[in-house]
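Trainee: In our numbering, the protein residues as written are 38 to 215.
Glycine included, C-beta positions come from ideal geometry on N, C-alpha and C.
Since the model is a prediction, treat every value here as computed from it, not as a measurement.
1) Just mark residue 128 as buried or exposed, buried being the case when its beta carbon has 16 or more other beta carbons within 10 Å.
2) Can you confirm whether the segment 159-179 touches the segment 73-82 when touching is taken to mean that 3 or more C-beta pairs between the two stretches lie within less than 8 Å?
3) For residue 169, which beta-bridge partners are listed by DSSP?
4) Is the segment 77-96 in contact with the segment 113-122, if contact means three or more CB pairs nearer than 8 Å?
5) If you draw a straight line from the C-alpha of residue 181 to the C-alpha of residue 106, how long is it?
6) On the premise that residue 170 lies in contact with residue 102, defined as a C-beta separation below 8 Å, what is that separation, rounded to the nearest angstrom?
7) Hey, residue 72 and residue 116: beta-carbon distance below 8 Å or not?
8) Under 8 Å Cβ to Cβ from residue 90, same chain only, skipping five residues before and after it: list those, please.
9) Determine the extent of the beta strand (DSSP E) in which residue 8 is found, giving its start and end residues.
10) By a C-beta neighbour count over all protein chains shown, 10 Å radius and 16 as the cutoff for buried, is residue 104 buried or exposed?
11) Would you call residue 82 buried or exposed, if buried means 16 or more other Cβ atoms sit within 10 Å of its Cβ?
12) Distance check for residue 212 and residue 133, CA to CA, integer angstroms please.
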């Protein structure tokens, strides 16, 4: 039986040829994601971090997460050298924190409260959740690197997540269902 949601897939407006970067970005924007910040410390002690939304839990046994970072990211360089990173999930009131780590600011940590975790990575204060991870594997995925990290410590607080949907920040809305 044909899936009705696919009706017209070959009709007007159907893609022909390779999908452009802008089309892929628009398509991906239909999938709401959480907003995360990845942090690390380079061997010379420089703190770095970047806002991402390409992150996923991978395995419970062993506990693994994956993060995807652009090849040109300074944070990726520090992670590859130190083999450690912090992973932070932002709360709905942390739009500004997301913007700081999405910027090209030289010292993103100047105005951000943070601690140093046991592994030496900077851990942002006040996030919804944070983990310290040890790199277990890295592979290329197009213009990004996929970094697998073994989760070594976690800390969590209450609250609602900051979301990103169709190019804008968003928040959960109660539906009345449980």
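Mentor: With the structure as the only source:
1) buried
2) yes
3) 123, 190
4) yes
5) 5 Å
6) 6 Å
7) no
8) 70, 71, 72, 73, 201
9) Lying outside 38 to 215, the shown extent of the chain, residue 8 is not represented and no answer is given.
10) buried
11) exposed
12) 27 Å
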